[in-house]
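Everything on this sheet refers to the single structure shown next.
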Amino acid sequence: MPFRGGSLQTDLNRQHYDCRMESARPSYSSRSLPIDRQLQLRVVGRLRDILPQRAILFREEDTSPYECDGLTLYRQQPMVVAIPETIEQVADVLKLCHAEHVPVVPRGASTGLSGSALPHAAGVLLSMAKFNRVLNVDGYARTATVQPGVRNLAISEAAAPYGLYYAPDPSSQIACTIGGNVAENSGGVHCLKYGLTVHNVLRVRGLTMQGDPVEFGGGAQDAPGLDLLAVVIGSEGMLAVTTEVTVKLVPKPQLARCIMASFADVADAGQAVASVIAAGIIPAGLEMLDQAACRLVEPFANAGYDLNAAAVLLCESDGTPAEVEEEIARMIEVLQSARATSIKVSSSEADRLRFWAGRKNAFPAAGRAAPAYYCMDGTIPRKRLGEMLKAIQEMECKYGLSCPNVFHAGDGNLHPLILFDDADPESVARAEAFGAEILEHSVRMGGTVTGEHGVGVEKLDQMCSQFDRLTLDAFSGVKRAFDPAGLLNPGKVIPTLHRCAEYGRVRVHANEVRFPDLPRF
Amino acid sequence: MEPAIAALSEQIRSAAASRTALRIRAGGTKDFYGNAPLGMVLDPRPLQGIVAYEPTELVVSVRAGTPLAELEQELAAKSQMLAFEPPHFGSDATVGGCVASGLAGPRRTASGGVRDFVLGARLLNGRGESLSFGGTVMKNVAGYDVARLLAGSLGILGVLVEISLKVLPMPVAQSTLRFETSAATALRKLNEWGGRPLPLSASAWSDSMLTVRLSGATAAVRAARDDLGGELIDDEDAMEFWRSIREQTHQFFAGDTALWRMSVPSTAPMLTAGDQLIEWGGAQRWLRTLQPTQTVRECARRAGGHATLFRGGDRSQGVFAPLPPALAAIHERLKTEFDPAGIFNPDRMFAGL
Chain A
25 MPFRGGSLQT DLNRQHYDCR MESARPSYSS RSLPIDRQLQ LRVVGRLRDI LPQRAILFRE
85 EDTSPYECDG LTLYRQQPMV VAIPETIEQV ADVLKLCHAE HVPVVPRGAS TGLSGSALPH
145 AAGVLLSMAK FNRVLNVDGY ARTATVQPGV RNLAISEAAA PYGLYYAPDP SSQIACTIGG
205 NVAENSGGVH CLKYGLTVHN VLRVRGLTMQ GDPVEFGGGA QDAPGLDLLA VVIGSEGMLA
265 VTTEVTVKLV PKPQLARCIM ASFADVADAG QAVASVIAAG IIPAGLEMLD QAACRLVEPF
325 ANAGYDLNAA AVLLCESDGT PAEVEEEIAR MIEVLQSARA TSIKVSSSEA DRLRFWAGRK
385 NAFPAAGRAA PAYYCMDGTI PRKRLGEMLK AIQEMECKYG LSCPNVFHAG DGNLHPLILF
445 DDADPESVAR AEAFGAEILE HSVRMGGTVT GEHGVGVEKL DQMCSQFDRL TLDAFSGVKR
505 AFDPAGLLNP GKVIPTLHRC AEYGRVRVHA NEVRFPDLPR F
Chain B
1283 MEPAIAALSE QIRSAAASRT ALRIRAGGTK DFYGNAPLGM VLDPRPLQGI VAYEPTELVV
1343 SVRAGTPLAE LEQELAAKSQ MLAFEPPHFG SDATVGGCVA SGLAGPRRTA SGGVRDFVLG
1403 ARLLNGRGES LSFGGTVMKN VAGYDVARLL AGSLGILGVL VEISLKVLPM PVAQSTLRFE
1463 TSAATALRKL NEWGGRPLPL SASAWSDSML TVRLSGATAA VRAARDDLGG ELIDDEDAME
1523 FWRSIREQTH QFFAGDTALW RMSVPSTAPM LTAGDQLIEW GGAQRWLRTL QPTQTVRECA
1583 RRAGGHATLF RGGDRSQGVF APLPPALAAI HERLKTEFDP AGIFNPDRMF AGL
């Protein structure tokens, strides 16, 4: 029997949930849903008509490296991994899967943090890794056209000889690819001033699930009809498979300088962020670390953070030397009147990079401090940062886990790092409940469950809190409009009605039971 | 549901039941834009007022029927602005019409278009149901970004109820410079300047004159002024000039000859002969011409863009460039999902949609 898209989803989720609760680290993969060998053989057989042998992986030892993305808590052995080398092959794989009713999960560098690229037990994992060429850099037009597997940083490197760069800079930019950035609408530390992926992409060429070529956006600043480009960006690989991306390049600022300001109270630091904005300044970067985060990263990065401060703000200005001088002076004035206890300004590029080293190494430092960490991604109105930090402190006590905080303070995007022991199922459960509570709190504060990491499979439950059923149904409608058969990356982003009903029931009791009863589904 | 929204919802449901076309129209300042409006008027102006505005959050949430001028006045009082500098085309322009038409003004190339500033939207769909997309925070990737999709959707997917927009501080300093130059030289200069870290916020070339606006920090504007040279335009004249470009009261736009909007890569060479006004660093070219639709469309297509019949002319072939089949199919299915009875602004974007 051919697999009907989506019907396995509930089972898939249950399997993951159970395995994470019951087992320690090494056994996650063995708990993933079993592969239907007959279906596998048939799909592999058909793929052999399209792809060379080296481009088809199906033995467990070959497919294991593909069982998760950057969110390693969720794992699933793919039925088949296809690694096409030409766009025609990608189209043929899609046509075949569409005809056979086999789900397809596109995958880039798999640095995503929400499980958007988690394989499907009855599907083909479509690796775009071979499409790694920069096709064209046009310095005069300030655009670059690249294949989806080109790394984010490689675009800026290719543009550097023209004095240009690609602005969005997610912290994984050394490894993450532009195809993944398009799927996730990736941000970075400079997006308050320079925008997200959606603000910096002109055109996405792709293939529909039926294998038909489509072009979203174009060479101009707009295209006729509905702005489908805006919805394809951030659609987590569910609407089309990206085959080519044209991005805008912007002139490299001549100079960047960074202020490091300490605060005795997190509320003061939060207020300082608001004051900077109120003064009409849009900093190139505006980041906050709380005391726990500073103490976590300092031994590792030697960034010179004030370890006695309750919070440290990094506030960057870029532009011409005259512009930077003017802006830094204004920022210092604002920060001083916002009760900063000490202010340092980078006096050289090395200095500036040192200030940032701590912030940029927060995740690896967390990885050293505990066996595992769980990075959350809620966004809240800036003015509620202080309040949120206080709430997280209370949750630390409640769940018995520590949680240093780093924020993209300029846009209210939180990255609490919950430290836990992934070899201890009880600790895993507490970390998960902790994370869920932070996200619920973000929604209650008028924010969102994900600022830049995506929903994937990780935040399906919290989508039920953030959106009502009608809006979730409208998302399903958008999905159907692009992919009527529902075969492209099914089961991500949009929770089923059933799932939300179950989650609602769990949530009601969440305050009474420390760990919601296990078989939730 | 509050009464004003419930009333609109009821109007939608009864129109859907009887398959009556609805023409979403507030001030009517953009009646000219798109294919001819059809159907019974649905007026969203009962939806009034700024719902939330916190200057330090850089976000404003506003009801769709609120006058655009009122919103801009509120923002200006806090030294903030809609950075996409939308045209009003009349004093009755509303925020809903501004977002639904998706038209941006002179600052487009420097700051972005309408969709770049839409953070969230509430919508009544073709079943009269209230949907809420996006939110009021800068970064939000929960669910598909339908709020941005609504910018420029010409009301074909539903009735905008409330919109949350990112706003930006007004620039501290501003200067306008003018150069006498041919179109070819202007295009070359604009593209070269675009590759340098200059605080360019607008450009317009017509009739052998290139006018550019610099906006930003005082020091940056002063330095760029010294760097670029040209004739410095008096501040008041400059403001009036940019308003005339944005509102199309500039003499270039006078008269009845068909007005085409060519959206092309900024580096495209000078297009077909005809009277032209070039904006957006070369990316938006206004063309007055009597040439047939096919010729104009083909010219824009070859340049890597598309052409819209903005005002006047022979509109029988539709004002927007037709879509390739794969995209047209997605449009049709999206339309059916949001508006199954096909009542909202039929044909306004494309015949049959």
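Quick mapping for you: the protein sequence lines, in order, are chains A and B. Residues in the first sequence are numbered from 25 upward in steps of one, following the working numbering. Residues in the second sequence are numbered from 1283 upward in steps of one, following the working numbering. For every residue, glycine included, the Cβ atom is placed at its ideal position computed from N, Cα and C.
| Neighbourhood of A:GLY94 by C-beta, 7 Å cutoff - its chain only, sequence neighbours within 5 removed | Setting aside the 5 residues that flank it on each side, A:GLY94 is surrounded in the same chain by SER134, THR135, GLY136, LEU137, each with a C-beta closer than 7 Å to its C-beta; the list follows chain order.
| task | Would you give the residue range spanned by the beta strand (DSSP E) that A:MET469 belongs to? | result | It is not in any beta strand (DSSP E) - A:MET469 carries neither H nor E in the DSSP assignment.
| Cα-Cα, which of A:VAL271, A:PRO185, A:ALA199, A:TYR190 is closest to A:ARG227? | A:VAL271
| field | Residue from B:GLY1440, B:VAL1344, B:VAL1449 with nearest C-alpha to B:GLY1624 | value | B:GLY1440
| query | Is the shortest distance between the beta-carbon of B:MET1521 and the beta-carbons of chain A less than 8 Å? | reply | no
| chain B contacts made by the segment 106-131 of chain A, where a contact means CB separation under 7 Å | none
| said: Against chain B, which members of the segment 215-235 of chain A pass a CB distance test of less than 8 Å? | reply: CYS215, LEU216, GLY219, LEU220, VAL222, HIS223, THR232
| message | Just checking: is the beta-carbon of B:PRO1479 within a distance shorter than 8 Å of some beta-carbon in chain A? | response | yes
| Alpha-carbon to alpha-carbon, B:PRO1388 and B:LYS1312 | 18 Å
| Beta carbon proximity, B:GLY1537 to chain A, threshold 8 Å | no
| Which of helix, strand or coil DSSP assigns to B:PHE1592 | In this structure, DSSP gives B:PHE1592 an extended state, which the three-state scheme calls strand.
| field | Cα-Cα separation between A:ARG363 and A:ASP292, rounded to whole angstroms | value | 7 Å
| request: Provide the residue span of the beta strand (DSSP E) that contains A:GLU349, from first to last. | output: Taken as a continuous stretch (DSSP letters only), A:GLU349 belongs to no beta strand (DSSP E), being part of the alpha helix (DSSP H) at 345-361.
| Nearest neighbour of A:GLY241, chosen from A:GLY235, A:ALA254, A:THR266 [CA to CA] | It is A:ALA254.
| Separation of A:ASP330 from A:ARG376, as counted between CA atoms | 16 Å
| query | What does a CB cutoff of less than 6 Å around A:THR403 pick up in its chain, not counting 5 residues either side in sequence? | reply | GLY436, ASN437, GLY471, THR472, GLY475
| message | Can you find the residues in the same chain that come closer than 6 Å, C-beta to C-beta, to B:ARG1397, ignoring five residues on each side of it along the sequence? | response | ARG1430, ALA1433
| task | Determine which residues of the segment 368-380 of chain A have a Cβ less than 9 Å from any Cβ of chain B, and write them out in chain order. | result | none
| task | Kindly indicate which three-state DSSP category B:PRO1337 falls into: helix, strand or coil? | result | helix
| query | Leaving out five residues before and five after B:ALA1346 in sequence, what residues of the same chain have Cβ atoms less than 7 Å from its Cβ? | reply | Excluding sequence positions up to five before and after B:ALA1346, its CB lies within less than 7 Å of the CB of PRO1326, LEU1329, THR1376, VAL1377, GLY1378, LEU1442, VAL1443, GLU1444, ILE1445, all in the same chain and listed in chain order.
| Distance, A:SER370 Cα to A:ILE352 Cα | 10 Å
| field | Pairwise C-alpha distance: A:HIS522 and A:ALA455 | value | 24 Å
| is_contact[A:VAL558, chain B] using C-beta, thresh 8 Å | Summary: the structure shown does not reach residue 558 of chain A, with chain A confined to residues 25 through 545, and so no result is reported for it.
| message | Buried or exposed, going by whether 16 or more other CB atoms sit within 10 Å of the CB of A:TYR397? | response | Buried, because 16 or more other Cβ atoms sit within 10 Å of the Cβ of A:TYR397.
| C-beta atoms of B:HIS1613 and A:GLY249 nearer than 8 Å | yes
| query | Under the three-state reduction of DSSP, which class applies to A:GLU46: helix, strand or coil? | reply | Residue placement at A:GLU46 cannot be trusted, given a pLDDT of 27 that sits under 50; what the coordinates show is reported in the next sentence. In the structure shown, the three-state DSSP call for A:GLU46 is helix.
| Where B:SER1545 meets chain A, residues with beta-carbon distance less than 7 Å | ALA244, GLN245, ASP246
| said: Determine whether the beta carbon atoms of A:GLU464 and A:SER426 lie at a separation below 8 Å. | reply: Contact flag unset, no.
| request: With a threshold of 16 other CB atoms inside 10 Å of the CB of A:ALA123, please say whether the residue is buried or exposed. | output: Exposed: under 16 other Cβ atoms inside 10 Å.
| query | If you compare alpha carbons, which of B:ILE1560, B:PRO1453, B:GLN1566 is closest to A:ALA247? | reply | B:GLN1566
| request: Can you give me the Cβ contacts of B:THR1467 inside the same chain, cut-off strictly under 6 Å, excluding the 5 residues immediately before and after it? | output: none
| Can you tell me whether DSSP reads A:MET487 as helix, strand or coil? | In this structure, A:MET487 counts as helix in the three-state DSSP scheme.
| message | Let me make sure I understand the geometry here. Which of A:ALA498, A:GLY258, A:ALA327 has the alpha-carbon closest to that of A:THR520? | response | A:ALA498
| Shorter than 8 Å from the beta carbon of B:PHE1371 to some beta carbon of chain A? | no
| Short CB-CB distance (under 8 Å) between B:LEU1442 and chain A | no
| field | Sequence-distant residues of the same chain with beta carbon closer than 7 Å to A:ILE74, five excluded per side | value | GLN113, ASP116, VAL117, LEU120
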